[in-house]
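Trainee:
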Amino acid sequence: MAGTISTPGRLFGEVSLHLEDTGDHGRPVVLLHGWPLSSASWVRQVPILRRAGYRVIAYDRRGSGRSSKPATGYGYDTLADDLAAVLEELDLREVSLVGFSMGGGEVVRYIRRHGEDRLRSIVLASAVTPMMLRTPGNPDGPLPPAQAAGMAKDLALDPPGFYDSFLREVFSTADGLQVTEQQLADALAMCHQATRPAALATMDAFGRTDFRKDLEQITVPTLILHGDSDRTVPCDGSAKRTYDAVAHSEMHVIRGGPHGIPLSHPAAFNGALLDFLARYPGSCR
């Protein structure tokens with residue numbers, strides 16, 4: 207990320223996280239990446255947000271990218287506590303949290319565990335809320351148990367093959383791949399920075415965690431941003447249900463957007479994000 211302050215190996219709580227911070231004086235926007243990528247996946251957002259006057263912070267989730275890779279600690283409670291440690295250590299206030307895919311779960315679990323005192327607004331982009339796994343108690347979940355088990359098995363046996371297949375799905379619609387082969391290769395390189403145990407544990411977390419109670423705790427302005435052609439986290443089973451669960455939320459659907467809309471549809475994604483942030487500026491802007 208050009209022009210950022212890079213702090214590799216900085217200790218936040220009990221884990222060392224690689225963090226990128228533009229260091230500007232604008233209101234902070236914290237970006238939480240998807241599975242199993244890294245903060246580098248926000249390459250199409252950071253410069254735009256910075257030019258708009260925001261201080262932009264993004265970090266690699268534990269087990270991913272250049273952060274430390276402990277043997278345990280990959281449930282959402284711990285991941286949300288990592289986020290809390292970042293906000294507290296940097297003393298960030300009037301924050302907008304932007305969580306993509308798995309990162310959306312971290313945003314809402316943070317609110318349930320730590321409240322909203324430091325927050326101005328949140329954005330749930332292609333998020334895994336309210337609950338991915340289809341169960342008798344969650345019949346509208348978009349992830350059948352057999353598919354979840356198959357994904358875990360394929361990742362355990364053949365990570366390179368799994369990641370290639372998975373990311374092609376993430377960035378594709380019925381009309382084919384929506385990013386360049388080079389962009390796909392860059393994303394694959396991020397996947398291979400994650401350890402296999404961490405990737406398997408976080409896959410289990412985003413597939414099985416129930417966020418329905420978390421959504422009930424949200425009172426800050428909320429934008430739900432999703433592609434209508436998302437085949438990884440389908441809109442009907444995730445975004446629309448989240449929108450119904452958060453009474454004051456607003457939803458913006460990107461036409462022709464796959465799961466990976468921050469990279470595949472940056473103009474539409476950034477436009478909706480900037481418009482939302484500008485309408486809820488906070489007192490520190």
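Numbering (my numbering), first residue to last: 207 to 491. By construction, the Cβ of each residue, glycine as well, lies at the ideal position given by its N, Cα and C atoms.
Pull up the distance between the alpha-carbon of M396 and that of Q353, whole angstroms please.
Mentor: About 24 Å.
Trainee: For V314, collect the residues of the same chain with a Cβ closer than 7 Å to its Cβ; drop the 5 residues on either side in sequence, then sort them by chain order.
Mentor: Answer for V314: T335, F417, D420, L421 and I424, listed in chain order.
Trainee: Secondary structure at G477, three-state DSSP: helix, strand or coil?
Mentor: Three-state result, G477: helix.
Trainee: Determine whether the beta carbon atoms of F475 and L431 lie at a separation below 8 Å.
Mentor: Cβ atoms of F475 and L431: closer than 8 Å.
Trainee: Name the residue from L255, R250 and L289 whose alpha carbon lies nearest to the alpha carbon of F218.
Mentor: Of the listed residues, the one whose Cα sits closest to F218 is L289.
Trainee: Excluding five sequence neighbours on each side, which residues of the same chain lie with their C-beta closer than 6 Å to the C-beta of T228?
Mentor: Excluding positions up to five away in sequence, the list reads T210, R256, R261 and V262.
Trainee: Measure the CB-CB distance between S307 and V439 and report whether it falls below 8 Å.
Mentor: Contact flag set, yes.
Trainee: Output needed for L480: all residues of its chain with C-beta closer than 8 Å, excluding positions within five of it in sequence on either side, in chain order.
Mentor: The answer, listed in chain order, is I254, L255 and A258.
Trainee: Residue range of the beta strand (DSSP E) that D227 falls in?
Mentor: From DSSP, the beta strand (DSSP E) with D227 extends over V221 to D227.
Trainee: What's the gap between the Cα of P345 and the Cα of R414?
Mentor: Roughly 13 Å separates the two Cα atoms.
Trainee: Would you kindly work out how many angstroms separate the C-alpha atoms of Q389 and Y265, rounded to a whole number?
Mentor: So the alpha carbons of these two residues sit roughly 20 Å apart.
Trainee: When the Cα atoms are used, what is the spatial distance from F412 to P348?
Mentor: In a straight line, the C-alpha of F412 is about 12 Å away from that of P348.
Trainee: Taking 7 Å as the line, does the beta carbon of P242 fall inside it for any heavy atom of the ligand MN?
Mentor: In the structure shown, the ligand MN is absent, as is every other ligand, since no ligand is present at all.
Trainee: Among the residues of its own chain, which have a CB less than 7 Å from the CB of S222, if the five just before and after it don't count?
Mentor: Counting only Cβ-Cβ distances below 7 Å, and skipping sequence neighbours, we find G215, R216, S273 and S274.
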